[in-house]
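Peer 1:
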Amino acid sequence: MPKWQCLECGYFIREANRPPDTCPGCSLRCSFTDVTCYRPDCGGPVNPDPMVMKNVASKGVVPPLRPSLPAKEKAPEEQVVYGEKARIATLFHGLSDEEIRKILSIGETMICEPGTVLFRESDDALRIYFIESGRVAVRVKEDGVEKTVYTASKDDVLGWSTVVLPYQRTATAVVVERAKVVAIDTTKFQNFCDQNPAMCYRVSQNISRAVIARLRLAKAQDIRRVYG
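In our numbering, the protein residues as written are 0 to 227.
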């Protein structure tokens, strides 16, 4: 189940399908980010985001939890592929179940066998993928060698860089266990947004918060130093 942490005060919610509209710690609205760990070598259920904790500490706030994962369990590639992963609860925060179903209804349901490549690094971003079952490995190249940086599963969202400039893939996604995937074409999504501006405005706000939070927190620090 997803874990959430407030970007402002560091308040940590261990397990919840969706974060609260208002943070119990600082009373701000929509200030949570998904800090669920997707790496199989994480070694523990609690995963406070070190970048969030650093931001909180810089404000002089004493956070309720401190990061505990050693550097070897966090890779700099995770920052690179952040634009390719999210969870349905993050992307659709603030939407009703009916609104979520309405968005997913414009997509194409696909059954993908192991080895199927959903997209490749540096390709134009043309689709968003919602994983309903199975497992999909997200990989990046480092020194010419392709490495799996995390494995997506049910309720993960891949490829939301489709709606974030420069509209190019930041990783490669390969099915490793037979998967049921809902793929939404960029053009269809844009047309849907033209017809449902209020709904898509909330989605765009969620995406903007995630992107801005990561850029703000990573701006002055090398990723290895942050996790070290």
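Positions of the beta carbon are idealized from the N, C-alpha and C atoms, including for glycine.
For the candidate residues P1, L94, I12 and K140, whose alpha-carbon lies nearest to that of R201?
Peer 2: Locating residue 201 in the sequence shown gives position 202, counting from the first residue. Per the Cα distances, L94.
Peer 1: What is the DSSP secondary structure of E97, reduced to helix, strand or coil?
Peer 2: Numbered from 1 along the sequence shown, position 98 holds the residue referred to as residue 97. Here E97 sits in helix by DSSP.
Peer 1: Which runs of the alpha helix (DSSP H), 4 residues or longer, sit entirely within the region 95 to 175?
Peer 2: The region 95 to 175 contains these whole alpha helix (DSSP H) runs: 96 to 103.
Peer 1: Grab the span of the beta strand (DSSP E) containing C5 for me, first residue to last.
Peer 2: Counted from its first residue, the sequence shown places residue 5 at position 6. That run of the beta strand (DSSP E) goes W3 to C5.
Peer 1: If you run the structure through DSSP and keep just helix, strand and coil, what is P62?
Peer 2: Working through the sequence shown from its first residue, we reach residue 62 at position 63. Legend: pLDDT at P62 = 42, less than 50; position of this residue unreliable, value from coordinates given subsequently. Three-state result, P62: coil.
Peer 1: Alpha helix (DSSP H) containing F188: first to last residue?
Peer 2: As a working note, residue 188 is residue 189 in the sequence shown. T185 to Q194 is the span of the alpha helix (DSSP H), which, as asked, contains F188.
Peer 1: DSSP three-state label for R13, please.
Peer 2: Reading the sequence shown from its first residue, position 14 is the one you call residue 13. DSSP places R13 in coil when its eight states are reduced to three.
Peer 1: Alpha carbon to alpha carbon, how far is T171 from S152?
Peer 2: As a first step, residue 171 must be located in the sequence shown, where it is residue number 172. As a first step, residue 152 must be located in the sequence shown, where it is residue number 153. If I take the Cα positions, the gap works out to 15 angstroms.
Peer 1: With 16 as the cutoff for other CB atoms within 10 Å, does R138 come out buried or exposed?
Peer 2: Numbered from its first residue, the sequence shown carries residue 138 at position 139. Looking at its Cβ environment, which holds 16 or more other Cβ atoms inside 10 Å, R138 is buried.
Peer 1: Buried or exposed for A197, please, with buried defined as at least 16 other CB atoms from any protein chain shown within 10 angstroms of its CB.
Peer 2: Taking the first residue of the sequence shown as position 1, residue 197 is located at position 198. By the 10 Å Cβ count, A197 comes out exposed.
Peer 1: Are there three or more Cβ pairs, one per stretch, closer than 8 angstroms when the region 140 to 156 is compared with the region 103 to 110?
Peer 2: Touching, no, given that fewer than three Cβ pairs across the two stretches are closer than 8 angstroms.
Peer 1: Quick test of your reading: T185 and L90, contact by CB under 8 angstroms. State the CB separation rounded to the nearest angstrom.
Peer 2: Your numbering for residue 185 matches position 186 in the sequence shown. Your numbering for residue 90 matches position 91 in the sequence shown. Not quite, the Cβ-Cβ distance comes to about 15 angstroms (not below 8 angstroms), so this is no contact.
Peer 1: V173 and G133 look like a contact to me (Cβ under 8 angstroms); what is the Cβ gap, rounded to whole Å?
Peer 2: For this step, residue 173 is matched to residue 174 along the sequence shown. For this step, residue 133 is matched to residue 134 along the sequence shown. Not quite, the Cβ-Cβ distance comes to about 12 angstroms (not below 8 angstroms), so this is no contact.
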